[in-house]
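First comes the structure, then the notes that go with it.
Numbering (the working numbering), first residue to last: 28 to 691.
Pasting the structure below:
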C-alpha cells in the first residue's frame, strides 16, 4: 500500500479585479515584493517563470496574495501560485510574447481575502492513481499502486510508479503499458537496467530477471492551482535478489503540468527525477544501451504512421545512439487534427548532457508498434551516485496536436534550458522611514524640474509609507535635525549648497553615523570645491552633452534601481553627464553608450576614450560609513512622471535605506 500524504493544496488566491490606471510606481503600502523578469537573448511566448520568496516577509502578512503586472502606468492582475518548500517559491506564466532583451515588471501585494474560486488545474485521486487535469480535460495519470498483469502473465511484471495515459489536448492517448512484446514497458517511466550496489549487479528494468523492481513508497505532495497541477512521489528501487529485499536507491519524482496556453492547444509537463543512494554505499549506474527516462508510445505508431526528429536532424532511421537536446515524436491520432505528438526536451544541467538516445530504429519489432524513445545519460559511461548527495535529471514534455516545426521545438527547448531570469526585491521596508529632500542651489543655473522632483518623491512616500520633508533651507543641517532622517536626497542641488562649515560638518557626521545619501541629476555639481563631497556623491560634474535621445546600458542588474530595466534603456531628451574625480569606490549601474551621442562636438576632448565607448551615469557605493546612490538622469520636469525613471529613483532610495537586496 502506498503511503499517500496530502500536504495540502498550494493555491494562491486569484481575484477578479479591474485594471487600475495608475503610475507604475504607485504601489500600495501592502506591496511585499517586486519582480523583474528578463527575457534575455530569446523571444518568450507563454513561458513559466519561478521566483524565490526568500527574504519576503510573508509570515508578517494577513490576507491573500495577488500578483500584478506593471505596464506603462497600468496594473493588471496576474494568476500566480505559491509552491511549498523552504524558501517558498512563486510561479506564474509570462503570458503573450516577450521580445529578446526586454524586461517585464510585477508586484506581489497583500489584498483582502476574497471568495474561493475554482483553480485552472486539478489533481484527482481515485485510490490507485493521480489524474492531472486542465479545466475539464485530462493531461496525464500517474499510477502509484501496482498494476495487475494480463491474464496468463507472470505477476513479476506488475509494478507502479509510472505515467500512463498521457493524453494530447484533443484527447489522443499517446502512451502504452504492458505491450505483449515487452510486458515491462510502462508508458513514461524511469528504471535503470545495469546497476551495481554493494558488489552486486541489479537490473531494475527487465523485471523477469527477478533482480529488482521499483515501487512507489509515498505521495509526499499534491498541488493544484491556476498556474500548475503537480505532485511529488518517492520511489524505492528494491533489490529483490536471492537474499532479503533491500532498498538500494531512493528516487523522488516531481511532476508539474503547466497552465501555459490560454487556448489549451498544448500541454507543458515538467518531469524531475532526484536520485539518492539509500545507504552509505555508492550506487553505480553502469554503462548500458537502454535505461532511464523513456517513452513507450501508442500501438498506433509504427514505421509508417509515426515520425521522429531530433535537434541534430536525425530521424527514426538513424537517431539511435546519437545525442540530442530534444526529440520530437509524432504520429497519427483519432483527433480532429489527425496527428499528435510529444516534444521531449532535456536540460543542460543533466549528467552527460546532451544525453545519448536509445530509439528503436526503422524495422525494429517487424516495423509494427515500434515507437520507443529513451534519454540515457549512462549509455556510454558509468554514473556513480555518491552517498549523501542528490543527483537530479530534468526533462520537459510539450504535448500537442497537429504539426510542430523545428523552429518552434528550438524555442520551447530554449525556454526550458535557459528560462527567463527573475530578480526579486522584497519591499515594504520603507514603511515609516523618514527622508529629507534638499533642493538648495547656489548662485548659477537652477533647474526648473525641482518642483516635479519633490512631487515625485512625495508621491513615492505616500505610496510606500515613508515620510518626506522637502526644504532648501541649509539650516536643517545640524546633528539634532539630521538624526531623524533615514536618508538625505539631494535633488538637483547645484553649486554652493551650504552656507557654513558647521552645516558641512553636520553632513559628515550624519554619513559617518550610517546615514543614507541619494543624489539626483545635478547633485554632482554641488560643493565642487569640497573633495569629501565629491567622494560622497561619487564624482564631480564636468560637463554634459546637449539634450538629446541616447541609450543607457545596464551594467549591474542585481540592484533594485536597475533590475527591472531592459538591457538597453532608451533615454528620451535628456543630458548625458560627464564627471571627473570619479571615486574608485563606486559600483557602476548604468553607462551611456557614447556611440548614441550624436550632437556633442566636445566628446573627443572629454570624456574621449577614458572608458572606451561608454561612461558611467548611475552608481552606488559605501563611503565613510554610509550608503550612497546617484543617477545623472532627470533633466526635464517630464522625466519625473516617467514610470521607469520613478522606479529607478525608488530603487536607489530603497537600497540606501535598507540595503535591499545586496548584503553588507
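Ideal Cβ placement from N, Cα and C applies to all residues, glycine included.
I need the DSSP call for residue 345, collapsed to helix, strand or coil. coil
Classify residue 685: buried if its beta carbon has 16 or more other beta carbons within 10 angstroms, exposed otherwise. buried
Checking 7 Å against the spacing of the C-beta atoms, do residue 484 and residue 495 come in under that value? yes
Which whole-angstrom value describes the C-beta separation of residue 131 and residue 125, a residue pair presumed to lie in contact below a C-beta threshold of 8 Å? 6 Å
Where does residue 176 sit, in a helix, a strand or coil, going by DSSP? coil
For residue 194 and residue 165, believed in contact at Cβ under 8 Å, the rounded distance: 5 Å
Excluding five sequence neighbours on each side, which residues of the same chain lie with their C-beta closer than 8 Å to the C-beta of residue 711? No answer is possible for residue 711: the residues shown for the chain start at 28 and end at 691.
Counting only the same chain and skipping the five closest in sequence on each side, list residues whose C-beta sits under 6 Å from that of residue 244. 261, 263
Nearest residue (CA-CA) to residue 728, options 363, 625, 570: Residue coverage of the chain in this structure runs from 28 to 691, which leaves residue 728 outside it and unanswerable.
Terminal residues of the beta strand (DSSP E) in which residue 450 lies: 448-453
Just verifying my parser: in three-state terms, what is the DSSP assignment at residue 436? helix
Among 74, 565, 149, 531, whose alpha-carbon lies nearest the alpha-carbon of residue 293? 74
Since residue 244 is in the beta strand (DSSP E), which residue starts that stretch and which ends it? 239-250
Do the CB positions of residue 526 and residue 553 come within less than 7 Å of each other? no
Secondary structure of residue 49, DSSP reduced to three states: Only weak support exists for where residue 49 lies, its pLDDT of 33 falling under 50; the value from the coordinates is given anyway. Three-state DSSP puts residue 49 in coil, outside helix and strand.
Using CA coordinates, which residue listed in 663, 434, 220 is at the minimum distance from residue 600? 663
Compare the C-alpha of residue 503 against each of 479, 486, 532, 519 and name the closest. 532
Between the stretch 217-231 and the stretch 194-204, do three or more beta carbon pairs fall short of 8 Å? no
What residues match up with residue 464 in a beta bridge as DSSP calls it? 497, 516
With DSSP as the reference, please indicate the residues paired to residue 257 in a beta bridge. 250, 283
Using CA coordinates, which residue listed in 76, 61, 437 is at the minimum distance from residue 84? 61
For residue 683, report the span of its beta strand (DSSP E) as first-last. Premise fails: residue 683 lies in the alpha helix (DSSP H), 670-685, not in any beta strand (DSSP E).
Mark residue 445 as exposed unless 16 or more other C-beta atoms lie within 10 angstroms of its C-beta, in which case mark it buried. exposed
Taking residue 514 and residue 560 to be in contact with their CB atoms under 8 Å, please state how far apart those CB atoms are, rounded to whole angstroms. Not quite, the Cβ-Cβ distance comes to about 16 Å (not below 8 Å), so this is no contact.
Out of curiosity, what's the CA-to-CA distance linking residue 679 and residue 623? 25 Å
Indicate whether the contact test is met: 3 or more Cβ pairs, each with one atom in the stretch 665-679 and one in the stretch 497-511, closer than 8 Å. no
How far does the beta strand (DSSP E) with residue 555 in it extend, from its first residue to its last? Premise fails: residue 555 is in no beta strand (DSSP E) and is neither H nor E.
Let me check one thing: in DSSP terms, what residues is residue 606 bridge-paired to? 568
What does the alpha-carbon distance come out to for the pair residue 469 and residue 530? 15 Å
Taking just the CA atoms, how far does residue 291 sit from residue 605? 53 Å
Alpha carbon of residue 691 to alpha carbon of residue 654, nearest angstrom: Model confidence at residue 691 stands at a pLDDT of 31, short of 50, so the residue's coordinates are unreliable and nothing is read from them.
How many angstroms separate the CA atom of residue 659 from the CA atom of residue 634? 15 Å
Per-residue DSSP class, three states only, for residue 656: strand
In this structure, how does DSSP classify residue 160 when only helix, strand and coil are distinguished? strand
Between residue 616 and residue 646, which are expected to be in contact by the criterion C-beta below 8 Å, what is the C-beta distance as a whole number of angstroms? 6 Å
Could you say if the stretch 266-276 and the stretch 297-305 meet the contact criterion of at least three C-beta pairs nearer than 8 Å? yes
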